[in-house]
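Just so you know, we're using this note's numbering here: the sequence shown kicks off at 262 and counts up by one.
Even for Gly, the Cβ is constructed at its ideal location relative to N, Cα and C.
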Amino acid sequence: DTSTLNASSSNYTINIGENWTNNATFISGTGTVIFDKASGTQTLNQGSSSFYHISHSGAGTLTLLTNALTLNGNLTNSSGTLDTANLNMTMNGSNWNSTNGKFLAGTGTVLFSTNGNVTITSGGSAPDYDFNHVEVNLAASTNQFNVVVNPMDILGNLTLTRGIFSPTTNVNLTGNLVVSGSNMNPEPAGDTGDLVFSGSGLQTVTNSGGETDSISEVTVTNTDASGVRLDNNITFSKLVVNTNAVFNAND
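Encoded structure:
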């Protein structure tokens, strides 16, 4: 199909009460697509065309279908449930806000690759707000990855490639930490959030990119016998190992 829906001339807002299936071309401009079905399920198959802003304000469930989702603007998930159906998401925008809306990450990965600072408001620390794998690869090493208001819970792995990891509330990590590049800048002084290793089995820390700057303030709460294991040298700006937690820097 060679048809094109072009909303870029006036950056229109589009309201969708049912499903979105793209078998051709959608040009979003800098407009917003609002998914507002009050109950039941809406499906979103973006095809090969990305979105700019997406707002999910309906009390129903918005479920991704077939294709991963790419946003060049912001995600606002203010009601109902956003279900990735185990598909990946790429965020090129500056704001992820899931206040009052549930997020089901499944087994997918959310990649943050913003050309600028990005702010994450997860919406809460209950299972309905958990991320699975998260990758941070911002456009410049001076761009900040900010986590505000609510903790950010990551059940899978966290990969840091480029940017400044600067949470003002805790990021709770159950999986492994991989620092895959040497383009991470130190966390700004005064940031109040920690990277908390909170798993219940072995968690590894791998600095495969050879980063020498301090990554984050770290707290270890993992009490499993395997605990948290360093696989090579890394610099943290602070390290707190809680009572009965296990941190192994020798292997």
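Cα-Cα separation, residue i to residue j
| i | j | result |
| --- | --- | --- |
| G369 | N393 | 6 Å |
| S477 | S441 | 15 Å |
| K499 | A366 | 30 Å |
| I315 | N378 | 18 Å |
| V501 | N446 | 21 Å |
| W357 | I381 | 5 Å |
| N205 | S309 | Outside the shown range of the chain, which is 262 to 512, sits residue 205, and nothing can be said about it. |
| A268 | Y313 | 11 Å |
| G424 | F373 | 10 Å |
| A400 | V294 | 25 Å |
| N376 | S383 | 20 Å |
| L348 | L330 | 8 Å |
| P412 | S300 | 28 Å |
| V479 | V371 | 22 Å |
| N437 | Y390 | 19 Å |
| D297 | I275 | 10 Å |
| T302 | G454 | 36 Å |
| T403 | E448 | 10 Å |
| V466 | N306 | 36 Å |
Distance cut-off 7 Å: residue i Cβ against heavy atoms of the ligand GDP
| i | result |
| --- | --- |
| E396 | This structure lacks the ligand GDP, and indeed carries no ligand of any kind. |
Spatial neighbours of residue i in its chain, beta-carbon cut-off 6 Å, leaving aside the 5 residues before and after
| i | result |
| --- | --- |
| T304 | N280, T324 and L326 |
| G471 | S443 |
| D344 | T322, T324 and L365 |
| D452 | S427 and T429 |
| V397 | F373, F406, L421 and G424 |
In DSSP terms, what residue i is bridged to
| i | result |
| --- | --- |
| W424 | Checking the sequence, you will find Gly at residue 424 rather than Trp. Answer by DSSP bridge pairing, in chain order: M445. |
| I207 | Here the chain has residues from 262 to 512 only, and residue 207 is not among them. |
| E478 | K499 |
| V466 | L438 and L491 |
| N483 | In DSSP, N483 forms no bridge with anything. |
| L456 | V432 and V479 |
Close Cβ partners of residue i (< 8 Å) along its chain, the five nearest in sequence each way excluded
| i | result |
| --- | --- |
| T435 | D414, I415, L416, G417, S459, G460, S461 and Q464 |
| L332 | S311, F312, Y313, H314, I315, M350, T351, M352, N353 and G354 |
Contacting residues, own chain, Cβ-Cβ under 7 Å from residue i (five flanking each side not counted)
| i | result |
| --- | --- |
| G385 | N411 |
Identify every run of the beta strand (DSSP E) within the region 270–358, keeping only runs that are complete inside it and at least 3 residues long; order them along the chain.
-> You should have 275–277, 286–288, 293–296, 302–306, 314–317, 322–325, 330–332, 336–338, 342–344, 350–352 and 356–358.
Say whether the region 326–343 touches the region 358–365, bearing in mind that this needs 3 or more beta-carbon pairs closer than 8 Å, one atom from each stretch.
-> Flag = yes, the region 326–343 and the region 358–365 touch.
Segment contact, 8 Å Cβ cut-off, at least three pairs: the region 401–411 with the region 457–468 | Flag = no, the region 401–411 and the region 457–468 do not touch.
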